[in-house]
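Novice: Numbering (my numbering), first residue to last: 9 to 94.
Just passing along the structure, written as structure tokens.
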């Protein structure tokens, strides 16, 4: 599956689907980012609320042209290491 990025301008929510899989658990970070995990605890999707106010739309749109691994590395670095749902 290719990386899928969608933006809802009315809600100002940026949704990023990283891989196939049903979301079984979600974690709300304190910066209005919601991480979606599958039954194995693997990150499959994320939502960024107030995305336009954060300046993320152009950045993530540019990343959509890159490999999915770029987004995963950035996510891991922004949270201090491998992501988990604990």
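Note that beta-carbon positions come from the ideal geometry of N, C-alpha and C, so glycine has one too.
Hey, could you find the ends of the alpha helix (DSSP H) residue 61 is sitting in?
Specialist: By 1-based counting over the chain shown, the position of residue 61 is 53. Segment 59 to 62, the alpha helix (DSSP H) holding residue 61.
Novice: Leaving out five residues on either side along the sequence, give the residues of the same chain with a beta carbon under 6 Å from the beta carbon of residue 14.
Specialist: Numbered from 1 along the chain shown, position 6 holds the residue referred to as residue 14. Only 23 meet the Cβ criterion.
Novice: Over what stretch of residues does the beta strand (DSSP E) that includes residue 36 continue unbroken?
Specialist: Position 28 of the chain shown holds residue 36. From DSSP, the beta strand (DSSP E) with residue 36 extends over 33 to 36.
Novice: Mind checking which residues open and close the beta strand (DSSP E) that includes residue 44?
Specialist: Your numbering for residue 44 matches position 36 in the chain shown. Its beta strand (DSSP E) spans residues 41 to 45.
Novice: What three-state label does DSSP hand residue 17 in the structure shown?
Specialist: In the chain shown, the residue the question calls residue 17 occupies position 9. Residue 17: coil per DSSP, three-state reduction.
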